[in-house]
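Each step along the sequence shown adds one to the number in this note's numbering, with nothing skipped, and position 33 is 33.
Single-structure report; data block below.
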Amino acid sequence: MSYRITVCIKQVPDTENLTTEAMKADGTVNRSALPAIVNPEDLNALELALSVKDRHGAHVTAITMGPPSAAEALRQALFRGADDAVLLTDRKFAAADTLATSYALSRGIKNLPPPDLVMCGRQAIDGDTAQIGPQLADKLDLPQLTYVEEILELSDRRIKARRAFELGYEIVRSPLPVLLTVTGSANEPRPPSAKRLLASRHLRAPSEKPRDGDAPRSESGAIREWTAADIGCDVARCGGSGSPTKVKKIESVKLVSEDHQRIEPTEEDMAALMQELMREHIIE
Ligand SMILES: Cc1cc2nc3c(=O)[nH]c(=O)nc-3n(C[C@H](O)[C@H](O)[C@H](O)COP(=O)(O)OP(=O)(O)OC[C@H]3O[C@@H](n4cnc5c(N)ncnc54)[C@H](O)[C@@H]3O)c2cc1C
Numbered sequence: 001m002s003y004r005i006t007v008c009i010k011q012v013p014d015t016e017n018l019t020t021e022a023m024k025a026d027g028t029v030n031r032s033a034l035p036a037i038v039n040p041e042d043l044n045a046l047e048l049a050l051s052v053k054d055r056h057g058a059h060v061t062a063i064t065m066g067p068p069s070a071a072e073a074l075r076q077a078l079f080r081g082a083d084d085a086v087l088l089t090d091r092k093f094a095a096a097d098t099l100a101t102s103y104a105l106s107r108g109i110k111n112l113p114p115p116d117l118v119m120c121g122r123q124a125i126d127g128d129t130a131q132i133g134p135q136l137a138d139k140l141d142l143p144q145l146t147y148v149e150e151i152l153e154l155s156d157r158r159i160k161a162r163r164a165f166e167l168g169y170e171i172v173r174s175p176l177p178v179l180l181t182v183t184g185s186a187n188e189p190r191p192p193s194a195k196r197l198l199a200s201r202h203l204r205a206p207s208e209k210p211r212d213g214d215a216p217r218s219e220s221g222a223i224r225e226w227t228a229a230d231i232g233c234d235v236a237r238c239g240g241s242g243s244p245t246k247v248k249k250i251e252s253v254k255l256v257s258e259d260h261q262r263i264e265p266t267e268e269d270m271a272a273l274m275q276e277l278m279r280e281h282i283i284e
């Protein structure tokens, strides 16, 4: 059996290279001041989808909601093995919180042939909420397996997967179709393939600015582009108008240590530490 898998890919600012211009005065991310990368755990989700494709056969579609420049994240997915890609882009999607983002993504996914598996990264490194996967499952009316590390069994009707949690793991089963959120510990994402990079590097989404050597528009069908109207969105549920959360103020919090105590690995110091932890009711 060949599966249909949709992978949600978010383009994010590279938060490992933060500068003082990283945030705007209104509390939103100043994306133009930071290099853009594919959200790391989305590459883990893509890798999991591609491993299903390698083992069982699958059609893998990458989807993103973002400005025209987010098409670069889709190209990165195509270079690694995705079969096609969809860019949801429209000014009406701008300033979306998680509710409005998951709404637009759900409309986009409903506009594709019904998937057997929808995969998301566990969490984005900029918004950091880990809400999109669960919200999307709700809007698509799918069961969800979060924190997935490995698919142990897959058939046309069921999936058995290992999900990680703080102190161990859990083996869970679900009927298909299902939504998975995938953790960074799941796998080692494959690098772009040189052959696919050469074949797809000139592909552009229709609203991207053309560059020298670009494929003619008619050949760039691997990156489709849809607006809010194309996917039947209720505009009141999109972007800023569909976002009940508002950023009031952001603060940079610096943790400064005022005091410290050195504990040597001796019987005496360890006993004193245990006494103190018990006195403070940190351990009983
Ligand atoms: C009040 C408010 C205003 C905001 N305004 C803006 C703004 O003006 N501009 C702006 O850029 N951001 C804005 N954001 C951030 C934006 O809402 C989030 O980046 C977005 O909703 C996704 O949430 P997250 O980053 O926490 O994703 P998470 O829930 O942590 O992401 C989990 C997974 O969901 C998938 N995913 C998440 N987002 C996308 C996407 N866009 N496309 C495809 N897959 C995705 C990925 O697989 C990802 O790994 C705002 C947020 C709030 C709360």
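The C-beta atom is built at its ideal place from N, Cα and C for all residues, glycine as well.
Could you give the distance in angstroms between the alpha-carbon of residue i and the alpha-carbon of residue j?
i    : j    : result
H56  : E153 : 11 Å
D90  : R279 : 58 Å
I231 : Q261 : 60 Å
L197 : L46  : 16 Å
L140 : L179 : 9 Å
E264 : R201 : 57 Å
T6   : D54  : 15 Å
R162 : I151 : 6 Å
A104 : A228 : 8 Å
D116 : R158 : 10 Å
F79  : T61  : 13 Å
F93  : T183 : 27 Å
N44  : C120 : 9 Å
R237 : A95  : 12 Å
L301 : I132 : What the structure shows of the chain is the stretch from 1 to 284, and residue 301 is not part of that stretch, so it cannot be assessed.
S155 : I283 : 46 Å
Secondary structure at residue i, three-state DSSP: helix, strand or coil?
i    : result
A228 : coil
E280 : coil
P210 : coil
L34  : coil
E21  : helix
P175 : strand
P191 : coil
E268 : helix
R262 : coil
T6   : strand
V235 : helix
T183 : coil
G240 : helix
E170 : strand
Against chain D, does residue i count as a neighbour if the rule is that its beta carbon must be under 9 Å from one of theirs?
i    : result
W226 : This model lacks chain D altogether; it includes just one protein chain.
Would you mind sorting residue i into buried or exposed? The rule is 16 or more other CB atoms within 10 Å of its CB.
i    : result
P35  : exposed
L273 : exposed
P113 : exposed
G316 : With the chain represented from 1 up to 284, any question about residue 316 goes unanswered, as that position is not in the structure.
P175 : exposed
F287 : Not covered by the structure: residue 287. The range shown for the chain is 1 to 284.
Y169 : exposed
P13  : buried
E268 : exposed
V86  : buried
D42  : buried
Ordered list of alpha helix (DSSP H) runs contained in the stretch 40 to 64, each at least 4 residues: The stretch 40 to 64 contains these whole alpha helix (DSSP H) runs: 40 to 56.
Complete alpha helix (DSSP H) runs within the stretch 85 to 164 (minimum length 4 residues, chain order): Counting only runs of 4+ residues, the alpha helix (DSSP H) found wholly inside the stretch 85 to 164 occupies 98 to 110, 132 to 140, in chain order.
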